[in-house]
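Residue numbers (the UniProt record's numbering): 1 to 99.
The structure appears right after this line, and notes come after that.
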């Protein structure tokens with residue numbers, strides 16, 4: 001935890017936020033689509049740091065931020081492999097015996 005895929009050990013979240021705000025303001029001034037501008041920037045930044053897409057990039061950013069701000073607090077990050085409905089899958093009430 002705490003490294004980008006290209007080996008950079010620090011990702012400056014504040015700089016990323018400033019760049020995002022600057023890009024968003026430029027898109028608004030140029031009357032370009034905000035969503036498209038943010039998607040393009042996200043992919044560009046993700047690939048710059050070695051991530052294939054914005055999902056894993058923002059997930060890694062969150063983990064880096066937690067690692068940096070945790071101080072002496074022990075942390076655990078749990079990533080479930082699958083998340084699904086317990087209301088109707090595989091059948092109503094199937095989880096009741098596991099509580």
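C-beta atoms are modelled at their ideal positions from N, C-alpha and C, and glycine is treated no differently.
With burial defined as no fewer than 16 other Cβ atoms inside 10 Å of the residue's Cβ, what is the status of residue i: buried or exposed?
i, result
"residue 109", "In the structure displayed, the chain extends from 1 to 99; residue 109 sits before or after that span and is not available."
Between the C-alpha atoms of residue i and residue j, what's the straight-line distance to the nearest angstrom?
i, j, result
"residue 40", "residue 31", "15 Å"
"residue 70", "residue 11", "16 Å"
"residue 21", "residue 14", "11 Å"
"residue 80", "residue 52", "20 Å"
"residue 38", "residue 73", "34 Å"
"residue 36", "residue 60", "22 Å"
"residue 68", "residue 58", "15 Å"
"residue 1", "residue 64", "With a pLDDT of only 49 at residue 1, under the threshold of 50, the placement of this residue in the model should not be trusted, and no figure is reported."
"residue 49", "residue 28", "26 Å"
"residue 19", "residue 47", "15 Å"
"residue 26", "residue 56", "26 Å"
Could you check how far apart the C-beta atoms of residue i and residue j are, in whole angstroms? I think they sit under 8 Å.
i, j, result
"residue 34", "residue 24", "6 Å"
"residue 78", "residue 66", "That belief does not hold up - the Cβ atoms of residue 78 and residue 66 are roughly 12 Å apart, past 8 Å."
"residue 62", "residue 54", "Not really, about 12 Å apart at Cβ, beyond 8 Å."
Tell me which residue opens and which closes the alpha helix (DSSP H) that residue i is part of.
i, result
"residue 46", "34-48"
"residue 76", "Per DSSP, residue 76 belongs to no alpha helix (DSSP H) and is neither H nor E."
"residue 68", "54-69"
"residue 27", "13-29"
Is the shortest distance between the beta-carbon of residue i and the beta-carbons of chain B less than 7 Å?
i, result
"residue 45", "This model lacks chain B altogether, as it is built from one protein chain only."
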